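Reviewing the structure listed below.
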Amino acid sequence: MSPQDTRHPPAPQGSSSGPEWLARLQDLLTEDRRRRLDSVLARRTRRLTLVLDDIRQEHNVSAVLRSAEAFGIQDVYVIETDESFQVTAKVAMGSHRWLTLHRFHGPEASPACLQALQAGGYRLAATGPPRDGAISFETLDFDRPLAIALGNERLGLSPAILAAAECCVTIPMQGFVESLNISVAAAILLQQLTSRLRGSPVDWRLTEAERSELLLDWTRKSIPSVDLIEARWRAAEEAR
146 MSPQDTRHPP
156 APQGSSSGPE
166 WLARLQDLLT
176 EDRRRRLDSV
186 LARRTRRLTL
196 VLDDIRQEHN
206 VSAVLRSAEA
216 FGIQDVYVIE
226 TDESFQVTAK
236 VAMGSHRWLT
246 LHRFHGPEAS
256 PACLQALQAG
266 GYRLAATGPP
276 RDGAISFETL
286 DFDRPLAIAL
296 GNERLGLSPA
306 ILAAAECCVT
316 IPMQGFVESL
326 NISVAAAILL
336 QQLTSRLRGS
346 PVDWRLTEAE
356 RSELLLDWTR
366 KSIPSVDLIE
376 ARWRAAEEAR
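Under our numbering, the first residue of the sequence shown is numbered 146, with each subsequent residue one higher.
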């Protein structure tokens, strides 16, 4: 192949979501980038997820997403009953591009999110300041997939989420303050919980099918002008 052809290999045969299509796309990546995608995928998990319940401030949402991505969480569930979900690019640093965001809008957002979590087999844990009945997050186990719910900065979690939660967890405090900024709390929870999860006997890794699906998505996101390249390939197939 001549140097000018290195970014435009011949059109692959078959489905645009199949292994041959992925292989052609990966030919457009450097070896370092391919290794990086494989390495991150190997550490991704869906055993632990976050639920963001009507988070108000963009920088908080963005910081939480950045922490989720950094600690290997794949899915984040976003409830938008009253607040609109927005990402601040300088804070998120592109982290949301590598996450699977499940967004629920309007007055039925909470029930729809809860239904999706139930379908995924998640046990829901609400977070909040120390209160009667709250337990330390350090006591949580991973016998089932776990969803951690974080609430609105001013109002906290909605009644629907609190009612559906199997437990209320808190971060133990040693000082006078009784709460942390939501993004700080999320980072602490995720660092500690993912560390424990990966050290547990639970099978926390993605399935082969999940890895393949995400690898295709991430590969496409790693290629500039990928839509134009794929359109060219499809046009070449149709012309045969």
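The beta carbon of each residue, even a glycine, is placed where N, CA and C say it ideally should be.
Just so we're clear, the structure is a prediction, and the values are computed from it rather than from any experiment.
Is DSSP giving S281 helix, strand or coil here?
It is a strand residue.
Beta carbon of V206 nearer than 8 Å to that of L193
Against a cut-off of 8 Å, the Cβ pair of L193 and V206 comes out as no contact.
Got a sec, what are the start and stop residues for the beta strand (DSSP E) L361 sits in?
Membership of L361 in any beta strand (DSSP E) is not indicated; the residue belongs instead to the alpha helix (DSSP H) covering E353 to K366.
What residue from W378, A384, A271 and A310 has the CA that sits closest to L170's CA?
Cα-wise, what sits closest to L170 is W378.
Just curious, the alpha helix (DSSP H) that R377 is in, first and last residue?
Start and end: V371 to E383.
Measure the Cβ-Cβ separation of L246 and V221 and say whether it is below 8 Å.
Contact flag set, yes.
With 16 as the cutoff for other CB atoms within 10 Å, does N326 come out buried or exposed?
Taking all protein chains in view, the Cβ of N326 is surrounded by fewer than 16 other Cβ atoms within 10 Å, so the residue is classified as exposed.
Select from D172, T339, A376 and C313 the residue whose C-alpha is nearest the C-alpha of Q219.
Closest option to Q219, Cα to Cα, is T339.
Which of helix, strand or coil does DSSP assign to E165?
Looking at E165 - three-state DSSP - the assignment turns out to be helix.
Validate contact between the stretch 290-297 and the stretch 261-275 using beta carbons, cut 8 Å, 3 pairs
Contact holds between the stretch 290-297 and the stretch 261-275, because three or more Cβ pairs, one in each stretch, are under 8 Å apart.
May I ask you to list the residues that DSSP assigns as paired with S198?
According to the sequence provided, residue 198 is Asp. The question's Ser does not apply to it. According to DSSP, D198 bridges with I224.
Span of the alpha helix (DSSP H) around H204
Residues E203 to A215.
What's the call for G278, buried or exposed, on a 16-neighbour Cβ count within 10 Å?
Exposed, since its Cβ has fewer than 16 Cβ neighbours within 10 Å.
Taking Cβ positions, are S281 and D199 nearer each other than 8 Å?
Taking 8 Å as the Cβ cut-off, S281 and D199 do not qualify as a contacting pair.
Which of helix, strand or coil does DSSP assign to L334?
Note: L334 maps to helix in three-state DSSP.
Please name the residue, chosen from S229, A270 and G251, that lies closest to L285 on a Cα-to-Cα basis.
Nearest option by C-alpha distance: A270.
Start and end of the beta strand (DSSP E) containing V314?
Boundaries of the beta strand (DSSP E) around V314: C312 to T315.
Check whether the Cβ of D198 lies closer than 7 Å to any heavy atom of the ligand SAM, and answer yes or no.
In terms of ligand content, the structure shown is empty, and the ligand SAM therefore cannot be addressed.
What distance in whole Å lies between the Cβ atoms of L210 and V185, which are believed to be in contact at a cut-off of 8 Å?
Not a contact, Cβ separation roughly 15 Å.
Specify, as a first and last residue, the run of the alpha helix (DSSP H) that P259 falls within.
According to the sequence as given, residue 259 is Leu; it is not Pro. Per DSSP, the continuous alpha helix (DSSP H) segment holding L259 begins and ends at A254 to A264.
Find out if the Cβ-Cβ distance for the pair L295, A331 is shorter than 8 Å.
For the 8 Å CB-CB criterion, L295 and A331 form a contact.
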